[in-house]
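Just below is one structure, and these are the notes that go with it.
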Amino acid sequence: MAIASLPSFSLTVKSSELCFRFNIAGNKPFVGPSYAKFGSLKKNRDAGVQISICKAASSSSPLFFRDLDADDFRHPLDKQNTLLLRAIPGLNEIGKALLGSIAEQVMVLENIGTSVLVSENQLSELHQLMVQSAEALKIEAPDLYVRQSPVPNAYTLAINGKKPFVVVHTSLIELLSRKELQAVLAHELGHLKCDHGVWLTVANILTVGAYTIPGIGGMIAERLEEQLFRWLRAAELTCDRAALLVVQDPKVVISVLMKLAGGCPSLADQLNVDAFLEQARSYDKASSSPVGWYIRNAQTRQLSHPLPVLRAREIDEWSRSQDYKSLMKRAVTTNSLQQV
83 MAIASLPSFS LTVKSSELCF RFNIAGNKPF VGPSYAKFGS LKKNRDAGVQ ISICKAASSS
143 SPLFFRDLDA DDFRHPLDKQ NTLLLRAIPG LNEIGKALLG SIAEQVMVLE NIGTSVLVSE
203 NQLSELHQLM VQSAEALKIE APDLYVRQSP VPNAYTLAIN GKKPFVVVHT SLIELLSRKE
263 LQAVLAHELG HLKCDHGVWL TVANILTVGA YTIPGIGGMI AERLEEQLFR WLRAAELTCD
323 RAALLVVQDP KVVISVLMKL AGGCPSLADQ LNVDAFLEQA RSYDKASSSP VGWYIRNAQT
383 RQLSHPLPVL RAREIDEWSR SQDYKSLMKR AVTTNSLQQV
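Shown next, in the form of structure tokens:
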């Protein structure tokens, strides 16, 4: 996960990380922004680097929801682990105390000073994708920034009730198609729709702060971190569903996960979603034995995101579920909304 660095601060504060990206290495991530890769970044030897963001959303009228509650698509594991997180006494209050106004201002200014703010007059097509995705999920569109970075990433920052913002790295734009980019934006919006940013920020800051308590700090932090990662993984499954509700094609969401697992621009046209799903099924089979189950749990325990093959299998199954079909029956076209 991406880390929002805080210059001149002895405590590294992590912003609420809401990511499409997954941390395969298992190193302990900050709870900060959410990541995901986007579109096509074309290099012109004479004109430098030129970012080509999506063309208009879709020739056909996209579907929207007149009313959509976060619990309509929240993953059961997300619901369960959110209740466990809320049961931690004083979590919200301690987190707010750890994240003061100065740290908040440092994070906001650091981003504004190093990124390009997307608007109707700046990367307008990307702005349009964000607005359309926000309308589909019935949520206010956050600010959106594009940031130069070789690490494919996209993340959301939600700090102390301020207007949240999403950051997209240029290398992310290089990898994904227009529709895949919209899936990523919708995934990030899913975190905001479900108030994940608040819990991610509070829990991560609390975990970092607990390490500073002499004697028992490490033990407290370790227990909180384990619970936090369990919740983070569940939250990612919820946001993959938000992505599907917006793009309305499970292969688009699965393609993003596949490219994040092992894609690059030069091989993008050779990747096969069906083969990746078959790979996911083979992983389930290989981990079904007692030894496989143990290895699988050890493999994922310290990850902030579920394994990409597991996320692909989850979204494929949900796309064929009655819950998803019932939700889509409630969707209406843009023209229908304009006539109301």
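Numbering of the sequence shown is given in this note's numbering, commencing with residue 83 and proceeding in unit increments.
Cβ coordinates follow ideal geometry from the N, Cα and C atoms, glycine included.
Note that the structure is a prediction, hence the values are computed from the model and not measured.
When DSSP states are grouped into helix, strand and coil, residue 358 belongs to the helix group.
Annotated as distal: residue 223 and residue 335, with beta-carbon spacing of 8 Å or more.
Under the three-state reduction of DSSP, residue 204 is assigned to strand. Proximity to residue 151 across 160, 271 and 275 peaks at 275, based on C-alpha coordinates. Annotation for residue 218: 146 and 328 place their beta carbon closer than 6 Å to its own, counting only its chain and skipping 5 residues before and after. Residue pairing of residue 227 in beta bridges, as defined by DSSP: 199 and 249. Cβ contact annotation for residue 271 (same chain, cutoff 7 Å, sequence separation greater than five): 215, 216, 219, 221 and 324, in chain order. Within the same chain, Cβ atoms closer than 6 Å to the Cβ of residue 395 are found at 362, the five residues on either side in sequence being excluded. Residue state for residue 328 is assigned as helix, using DSSP reduced to three classes. Collapsing the DSSP output to three states places residue 311 in a helix. The C-beta distance from residue 213 to residue 236 rounds to 17 Å, too long to fall under 8 Å, and the pair is not in contact.
Looking at the backbone, the Cα of residue 367 and that of residue 197 are separated by about 44 Å. Taking a contact as a CB-CB distance under 8 Å, the pair residue 318 and residue 393 counts as one, their CB atoms being some 7 Å apart. Taking C-beta atoms as the reference points, residue 347 and residue 397 fail to come closer than 8 Å.
A direct Cα-to-Cα measurement between residue 353 and residue 205 gives close to 28 Å. When DSSP states are grouped into helix, strand and coil, residue 240 belongs to the coil group. In this structure, DSSP gives residue 391 a helical state, which the three-state scheme calls helix.
Under the three-state reduction of DSSP output, residue 266 falls in the helix class. Residue nearest to residue 340 within the set 330, 326 and 357 is 357 (criterion: CA-CA distance).
Between the beta-carbon of residue 248 and that of residue 226 there is about 5 Å, and that keeps the pair under the 8 Å contact cut.
Taking C-beta atoms as the reference points, residue 382 and residue 156 fail to come closer than 8 Å. With contacts defined by Cβ atoms closer than 8 Å, residue 232 and residue 201 do not form a contacting pair. Scanning 314, 404, 355 and 338 for the CA closest to the CA of residue 388 turns up 314.
Secondary structure at residue 257: coil, using DSSP grouped into helix, strand and coil. Nearest to residue 305 by alpha-carbon distance, out of 167, 377, 322 and 369, is 167.
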